[in-house]
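Using this note's numbering, you'd call the opening residue of the sequence shown number 7 and step up by one each time. Cβ atoms here follow ideal geometry from the backbone N, Cα and C, with glycine treated the same way.
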Amino acid sequence: MAEISAPLPSNLADELAEELPLLSQFCSLLEQERELLSSNDLGALSELLARKKIAAERLHALHQLRTSWIGTDGARVKTYLQKHAPQLLPQWEGLLELGRRANALNQLIGQIITTRLHLNEQALHLMMHGTQLPDNYTPDGLPTVETGPRHLGSA
Numbered sequence: 007m008a009e010i011s012a013p014l015p016s017n018l019a020d021e022l023a024e025e026l027p028l029l030s031q032f033c034s035l036l037e038q039e040r041e042l043l044s045s046n047d048l049g050a051l052s053e054l055l056a057r058k059k060i061a062a063e064r065l066h067a068l069h070q071l072r073t074s075w076i077g078t079d080g081a082r083v084k085t086y087l088q089k090h091a092p093q094l095l096p097q098w099e100g101l102l103e104l105g106r107r108a109n110a111l112n113q114l115i116g117q118i119i120t121t122r123l124h125l126n127e128q129a130l131h132l133m134m135h136g137t138q139l140p141d142n143y144t145p146d147g148l149p150t151v152e153t154g155p156r157h158l159g160s161a
């Protein structure tokens, strides 16, 4: 493992000070997204996703800046900071912890969406193929007999 050789940028502390609360806010947005997915509040979800996109874009820009300075290998960065800027280690550790939390929340949201998609596919399949309920009734109110699958859009 080669040591990071670049000098410590003077504004790395400022970058970490901006990135840390933004990542914390992003985790809160992920929590809200999880809750809105569970409650089926699509209106609020749409607004939240717009805010999440803005936060993600800013986080990506800060991440790109930071990695251009000190790289992406967490162990190397920690060693570098221990040697050259130990005062930044708490922010670095906090950033790593929030990154793990965001990753876990994102995985959970992905599972929720995958489960929802699967359930919707099953429901659609049942509606199209699983039941052979009549689509039409006679003037006497008796169901007509149909042999084909139910067509979407028909009453």
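Around the C-beta of residue i, are 16 or more other C-beta atoms found within 10 angstroms, so that it is buried, or is it exposed?
i	result
GLU63	exposed
LEU104	buried
TYR143	exposed
LEU48	exposed
LEU130	exposed
MET7	Only weak support is given to the placement of MET7: the predicted model assigns it a pLDDT of 49, under 50, and the question is left unresolved by the model.
To which residues of the same chain is residue i closer than 8 angstroms at the C-beta, ignoring the five residues directly before and after it?
i	result
LEU101	LEU22, GLU25, LEU26, LEU29
CYS33	LEU104, ARG107, ALA108, LEU111
ILE119	LEU43
ALA61	LEU28, GLN31, PHE32, LEU35
ARG57	LEU35
ARG72	LEU18, GLU21, LEU22, GLU25
Starting from residue i, trace the alpha helix (DSSP H) both ways and give me its first and last residue.
i	result
THR73	48-76
ASP79	Here ASP79 belongs to no alpha helix (DSSP H), and DSSP marks it neither H nor E.
SER44	18-45
Can you list, in chain order, the residues of its chain whose CB lies under 6 angstroms from that of residue i, leaving out five sequence neighbours each side?
i	result
HIS124	none
Note down, in chain order, each residue of its chain lying with its Cβ closer than 7 angstroms to the Cβ of residue i, except the 5 sequence neighbours on either side.
i	result
LEU87	LEU94, LEU95, TRP98
GLU54	What sits at residue 54 in the sequence shown is Leu, not Glu. If we look at LEU54 and ignore the five residues flanking it on each side, its Cβ neighbours are LEU35, GLN38, GLU39, LEU42.
(request) Counting only runs of 4+ residues fully inside the segment 81-158, write out the alpha helix (DSSP H) ranges in chain order. (result) Fully enclosed alpha helix (DSSP H) runs of 4 or longer: 95-131.
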